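**Q** Residue numbers (our numbering), protein chains in the order written: chain A, 54 to 387; chain B, 70 to 207.
C-beta: ideal position from N, C-alpha, C; glycine also.
Please read all numbers here as calculations on a predicted model, not as lab measurements.
One structure follows; several queries about it will come next.
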Amino acid sequence: MSKQEFAHGHAAHCESGVMSLMMQHHGLPLSEAMVFGLSGALMFAYLPFVKLGGLPLIAYRSMPKSIIKGLQKNLGIKMKMQTFSNPEKGTKALDALLVQGEIVGAQTSVFWLPYFPEEMRFHFNAHNLIIYGKKDDEYLISDPVFEAPVRCVTKAMQKARFVKGVMAPKGLLYYPLKVPETIDYAVVIPRAVKKNAKAMLKTPVPIAGIRGIRALAKSIGKLEKKDRRYAKLFLGHIVRMQEEIGTGGAGFRFIYASFLQEAGRLLGSSLLAESSEMMTAVGDQWREFALMLAKAIRSKKSHSIDFPALQIKLESVADAEAAVYRKLLEGKLV
Amino acid sequence: MNNSQVPQHNISTYANNKKAIYATDENGEYTIVASSGWNVEEEATRQALLELERLAADAYESVASGKVSPLYFHMYDRRMDPQTLAQATGMFQWRIKRHFRPKAFGRLSARMVARYADTLGISVEQLCMLPTRGESGV
């Protein structure tokens, strides 16, 4: 593993951004989109029985940490992942790694990081960032969702790393032990693409993949009979999960389209290139859907919200997205 | 989305930050564009923030009228609810809800109060009283 001066980069999503910067630092040029696509991170899940602040869980990607794990599995990278039972020990271990010159990935809460503006501070415990040094009492941090590097004092970082609750980070630190010099893209790309398409199309549960999108559409149709304030919060919540939570636009559909494009170029595959264009169009439709939701939230007269129209729109998005996966699954990629 | 269509609405919820958005250039090639925000996203984030503010303001009134303990306000002021506070302290929700009663809260051991204060990231003195009106907020 060749090591160089660490360079910060701006990314759409924290976990894929961290892994991309980390791999580049260790001599493997891998864009954020490639990290995202090769780890098979694209997903959709609608879990009405898991409530966050009274609203159901809606996810446009796979579980936190699955990008790190997916990349290990698919590319043969070996990562050291370490959690701690004691906060002081966790801080000591981090400081020791930094003294050795390691750049270290860390899982933290968003709420307790002081460099986050108040408007972005919510209780989300699975944020990822890179710590690449320490000066006096401040960590030097590359948080990929920020344009420039940031800093954070030791005490605040310890709090952010050791919050308890859903997806508690337990002080998780990670860094690569082994990074391959080259990757056989002709093998790994088709495998990752097919697997992801299959997961989206052929889920056994009616709340994941394309079926999950349809389930959400159905729930929107049912909002008509629900309390109006709840209905509006529900609609706003969908927009936030799709656009606000560092997705690169349209709930990771654009980042995946970017991956398909790059993959297509690497393999000289016109099928991947065409699929990329189709996925871009799907992303545009997701954005149109978000725009409709925003208008519905804005409307003063709540009875004027056209819930059936929202449901129909989302169902048409599901149809368009399913067509991309069918193309990827049925066609020959190389 | 074409990179000329990437919204640059300078939205308030970004607080002068920019997020990376994937968009295509004139040749159809994907690039990362730094966006100052989309007003659709702002609308949704604002709505969530207003809801949190509303909950904290309601809680403030309930505490001020003596119906519940200050813990109730500080929980919402830190953008939590009984569920998140239970997870963050590792305690059962029914136990926390008991401590919303002023009497039960008053009888808490110093250790218990410190545990709440630590989880909420405030001092014990702050936890045991209401801030002056207009001074709350994270």
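(1) May I ask you to list, following chain order, the residues of the region 332-365 of chain A that have a beta carbon less than 8 Å from some beta carbon of chain B?
(2) Considering Cα atoms alone, identify which of A/L276, A/R114 and A/R282 is closest to A/A261.
(3) The region 126-154 of chain B: which residues have C-beta closer than 7 Å to a C-beta of chain A, in chain order?
(4) Quick one: is B/N86 near chain A, going by C-beta distance under 8 Å?
(5) Select from A/F215, A/I194, A/V198 and A/A347 the residue whose C-alpha is nearest the C-alpha of A/V206.
(6) Determine, using beta carbons only, whether A/S73 comes closer than 8 Å to chain B.
(7) Tell me which same chain residues have a C-beta within less than 7 Å of the C-beta of A/M72, skipping the five on either side of it?
(8) Using only the alpha-carbon positions, how far apart do A/A239 and A/D189 sit?
(9) Contact check, A/F164 vs A/G224 under 8 Å by CB: the rounded distance?
(10) For A/F199 and B/N86, which I take to be in contact (beta-carbon distance under 8 Å), what is that distance rounded to the nearest angstrom?
(11) If you follow the alpha helix (DSSP H) that A/R267 is in, where does it begin and where does it stop?
(12) A/V246 by DSSP, collapsed to three states: which one?
(13) List the DSSP bridge partners of A/C205.
(14) Look at the Cβ atom of A/Q211, then the Cβ atom of A/P140, and state whether they are nearer than 8 Å.
(15) Closer than 8 Å by C-beta to B/V132: which residues in its own chain qualify, once you throw out the five before and the five after it? Chain order, please.
(16) Between the region 350-364 of chain A and the region 317-327 of chain A, do at least 3 Cβ pairs fall closer than 8 Å?
(17) Starting from the beta carbon of B/E112, find every residue of chain A whose beta carbon is closer than 8 Å, and list them in chain order.
(18) Quick one: which unbroken alpha helix (DSSP H) runs of 4-plus residues sit fully inside the region 155-180 of chain A? Chain order, please.
(19) For A/Y168, which residues in the same chain have their Cβ closer than 8 Å to its Cβ, ignoring the five residues on either side in sequence?
(20) By Cβ distance, which residues of its chain are closer than 7 Å to B/H168, with the 5 residues on each side in sequence left out?
(21) With H, G and I counted as helix, E and B as strand and the rest as coil, what does DSSP make of B/R148?
(22) Please classify A/I120: does DSSP put it in a helix, a strand, or coil?
(23) What are the start and end residues of the beta strand (DSSP E) that includes A/V103?
**A** Once the coordinates are examined:
(1) Flagged, chain order: T333, G336, D337, R340, A343, L344, L346, A347, I350 and R351.
(2) As a working note, residue 261 of chain A is residue 208 in the first sequence. The shortest C-alpha separation from A/A261 is found at A/R114.
(3) Of all residues in the region 126-154 of chain B, those with a C-beta nearer than 7 Å to a C-beta of chain A are R148, M149, D150 and T153, reading in chain order.
(4) Here residue 86 of chain B corresponds to residue number 17 of the second sequence, with the count starting at 1. Answer yes: the Cβ-Cβ gap between B/N86 and chain A drops below 8 Å somewhere.
(5) Taking the first residue of the first sequence as position 1, residue 206 of chain A is located at position 153. If we check each option's Cα against that of A/V206, A/I194 comes out closest.
(6) As a working note, residue 73 of chain A is residue 20 in the first sequence. Taking CB atoms only, A/S73 has no neighbour in chain B less than 8 Å away.
(7) Counting from 1 along the first sequence, the entry for residue 72 of chain A is found at position 19. So the list reads V88, I120, I121 and L124, once near-sequence residues are dropped.
(8) As a position in the first sequence, residue 239 of chain A is number 186, starting the count at 1. As a position in the first sequence, residue 189 of chain A is number 136, starting the count at 1. A straight-line Cα-Cα distance of about 47 Å links A/A239 and A/D189.
(9) If you number the first sequence from 1, residue 164 of chain A lands on position 111. If you number the first sequence from 1, residue 224 of chain A lands on position 171. The beta-carbon separation of A/F164 and A/G224, rounded to 16 Å, does not stay under the 8 Å limit for a contact.
(10) Sequence index remark: in the first sequence, residue 199 of chain A carries index 146 (1-based). Sequence index remark: in the second sequence, residue 86 of chain B carries index 17 (1-based). Under the criterion of beta carbons closer than 8 Å, A/F199 and B/N86 qualify as touching, at roughly 7 Å.
(11) Taking the first sequence and counting its residues from 1, the one referred to as residue 267 of chain A is at position 214. Looking at the DSSP string, the run of the alpha helix (DSSP H) that includes A/R267 is G262 to K275.
(12) The sequence position of residue 246 of chain A within the first sequence is 193, counting from 1. Helix, per DSSP.
(13) Looking up residue 205 of chain A in the first sequence gives position 152. Bridge partners of A/C205: A/Y192.
(14) Locating residue 211 of chain A in the first sequence gives position 158, counting from the first residue. Locating residue 140 of chain A in the first sequence gives position 87, counting from the first residue. Against a cut-off of 8 Å, the Cβ pair of A/P140 and A/Q211 comes out as a contact.
(15) Your numbering for residue 132 of chain B matches position 63 in the second sequence. Hits under 8 Å: S138, P139, Y141, F142 and L199.
(16) Taking a contact to require three or more Cβ pairs closer than 8 Å, the region 350-364 of chain A and the region 317-327 of chain A do not qualify as touching.
(17) Along the second sequence, one-based indexing puts residue 112 of chain B at 43. The contacting residues are G289, V292, A347, I350 and R351.
(18) Taking only runs of at least 4 residues, no alpha helix (DSSP H) segment lies wholly in the region 155-180 of chain A.
(19) Reading the first sequence from its first residue, position 115 is the one you call residue 168 of chain A. Take A/Y168, set aside five residues on each side of it, and the residues of its chain with a beta-carbon closer than 8 Å to its own are I194, D196, F199, V203, R204 and C205, in chain order.
(20) Against the second sequence, residue 168 of chain B aligns to sequence position 99. Excluding sequence positions up to five before and after B/H168, its CB lies within less than 7 Å of the CB of S138, L140, F174 and L177, all in the same chain and listed in chain order.
(21) For the purposes of this step, residue 148 of chain B is taken as residue 79 along the second sequence, with counting starting at 1. In the structure shown, B/R148 adopts coil according to DSSP, grouped into three states.
(22) Translated into the one-based positions of the first sequence, residue 120 of chain A becomes position 67. Helix at A/I120.
(23) Residue numbering aside, residue 103 of chain A sits at position 50 when the first sequence is read from its first letter. Note, A/V103: beta strand (DSSP E), L95 to L105.
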